[in-house]
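Beneath this line is the structure, given in structure tokens, with notes to follow.
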Amino acid sequence: MRNIKVIEVRSEIGAGTRGASLGVEAIRIAALDFMSSFFVNFPSEQVENENKLLYEPVASPYAKRIQGVYTMYERVAKSVSETLKSGLFPVVLAGDHSTAGGTIAGIKIAKPKNKLGVIWIDAHADLHTPYTTPSGNMHGMPLAASLNEDNRDNQVHSPDAQTIDLWEKIKNVGKIKPKINPEDIVFIALRDYEKEEEYLLKKHNIKVITVQEVRRKGVEQVVRQALLHLSSCDDIYVSFDVDSLDSSISRGTGTPVSNGLREREAEDLIASFMQNHKICCFEVTEVNPTLDKENLMAEIAFNILQRSVNLLLVN
Ligand SMILES: [Mn+2]
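The sequence shown: position 268 = 268 (the numbering used here), numbered continuously.
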């Protein structure tokens, strides 16, 4: 039996669309509507955010609000590492996906000698850097930061010195870099990425499990395949971006993409991973209720969250 702690990160400065910081509250509302005692039963902590930067002009076009994102990395890393050190399982409810780089840093700070595997359930690769980004939005960069990857082979921008300095600091949070190796990442439902990211996927031969594969082989088999791929890792972190779900149900997220997972597929995948003892942290991210019709995206996220946590508690 594992006791959990909920870490709430209401940050949206890494996204290009406004509203993801309300995702945490939307998930709490879903829990209330379902008359669930989830948020009563588990201790929770709220990480302070830097959303005030949204009212200021953007100084770094190739890594927007990078100063604030760096602050968030430090805060999230501290909260996640302290949670792990106190023997609790961190369940991170985040706004945009940029802060997941802070989650990874926190796990590495708590367990510096352990080899960390990452299961990234997402429509996107989040492998951009300030040198390659098409949007400047930092929720597209957390995996590159964790890999200590600049992707200068595909450089299209020349960021200013201050941006580069902060990017170097972000990659080095916890004074550990790289935090993960490309062979210790498994993407699930990846289907929307740019050629600069494709270069890294191919160069490092990064494991990708497509939606079609999930459907053809079944959840049980692809979970086994993912865990086998990460068999040399001591710990595994599962990062669930709700845009991994099909756009027909994931209206309430900033960057929906068609041909994604069905609700049941995502739920079965995550529930299955949660039964593995190497899983050390779970994150749900990118719920944006301002884009939704009613509160559907948050309700789906909460259902997945509740089933996953119930499994953690019995395992
Ligand atoms: Mn993402």
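Glycine included, every Cβ here is placed at the ideal spot set by N, Cα and C.
Spatial distance of residue i from residue j (CA atoms)
| i | j | result |
| --- | --- | --- |
| H100 | L93 | Here residue 100 turns out to be Ala, not His, going by the sequence shown. Distance between the alpha carbons of A100 and L93: 10 Å. |
| H193 | L32 | Here the sequence assigns Tyr to residue 193, which means His is not the residue at that position. Going from the Cα of Y193 to the Cα of L32 covers about 36 Å. |
| H229 | V173 | 27 Å |
| K98 | V9 | It should be noted that the sequence gives Ser, not Lys, for residue 98. Cα to Cα, the separation comes out at about 11 Å. |
| I121 | E56 | 32 Å |
| F42 | N303 | 16 Å |
| G260 | V211 | 6 Å |
| D96 | G254 | 9 Å |
| L201 | I119 | 15 Å |
| V156 | R307 | 43 Å |
| N3 | F282 | 13 Å |
| K175 | K108 | 10 Å |
| G102 | S81 | 10 Å |
| S21 | E183 | 32 Å |
| T163 | K64 | 9 Å |
| K177 | E294 | 42 Å |
| N315 | Q275 | 6 Å |
| K217 | K207 | 16 Å |
| L312 | N205 | 31 Å |
| D165 | P130 | 11 Å |
| H128 | K195 | 10 Å |
| K85 | S239 | 20 Å |
| G16 | P159 | 19 Å |
| L88 | A110 | 12 Å |
| T132 | E213 | 29 Å |
| K203 | L305 | 34 Å |
| I249 | T83 | 33 Å |
| R215 | T71 | 40 Å |
| S247 | S258 | 5 Å |
Contact under 9 Å by Cβ, residue i with residue j
| i | j | result |
| --- | --- | --- |
| K5 | E50 | no |
| A316 | I188 | This structure cannot settle anything about residue 316, because the visible part of the chain is limited to 1 through 315. |
| L245 | E220 | no |
| A266 | I27 | no |
| L116 | I180 | yes |
| I66 | W167 | yes |
| A298 | G19 | no |
| I236 | I279 | yes |
| D241 | E198 | no |
| L190 | R251 | no |
| I7 | Y73 | no |
| S79 | V47 | yes |
| V69 | G14 | yes |
| V284 | F38 | no |
| A123 | P289 | no |
| L54 | E25 | no |
Test: residue i CB closer than 9 Å to a CB of chain B
| i | result |
| --- | --- |
| A301 | Absent from the structure: chain B. Only one protein chain is present. |
As assigned by DSSP and simplified to three states, the class of residue i
| i | result |
| --- | --- |
| Y237 | strand |
| A94 | strand |
| S44 | strand |
| L313 | helix |
| S34 | Going by the sequence as given, residue 34 is Phe instead of Ser. Three-state DSSP puts F34 in coil, outside helix and strand. |
| L382 | In the structure displayed, the chain extends from 1 to 315; residue 382 sits before or after that span and is not available. |
| V208 | strand |
| K5 | strand |
| T285 | strand |
| G117 | strand |
| I188 | strand |
| I249 | coil |
| I279 | strand |
Residue i classed as buried or exposed, judged by whether at least 16 other C-beta atoms fall within 10 angstroms
| i | result |
| --- | --- |
| D292 | buried |
| I234 | It is worth fixing the name first, because residue 234 is Asp in this sequence and not Ile. D234 comes out exposed. |
| M35 | exposed |
| D126 | buried |
| H277 | exposed |
| S231 | exposed |
| S146 | buried |
| R224 | exposed |
| A356 | Here the chain covers residues 1 to 315 and nothing more, so residue 356 does not appear. |
| R75 | buried |
| G106 | buried |
| P142 | buried |
| P112 | exposed |
Hey, is the segment 132–152 in contact with the segment 54–66, meaning 3+ C-beta pairs nearer than 8 Å? yes
Segment contact, 8 Å Cβ cut-off, at least three pairs: the segment 148–167 with the segment 263–277: The way I'd put it, the segment 148–167 doesn't touch the segment 263–277; fewer than three beta-carbon pairs between them come closer than 8 Å.
Check each residue's C-beta against every heavy atom of ligand 2 and list, in chain order, those closer than 7 Å. Ligand 2 is absent from the structure shown, which contains only ligand 1.
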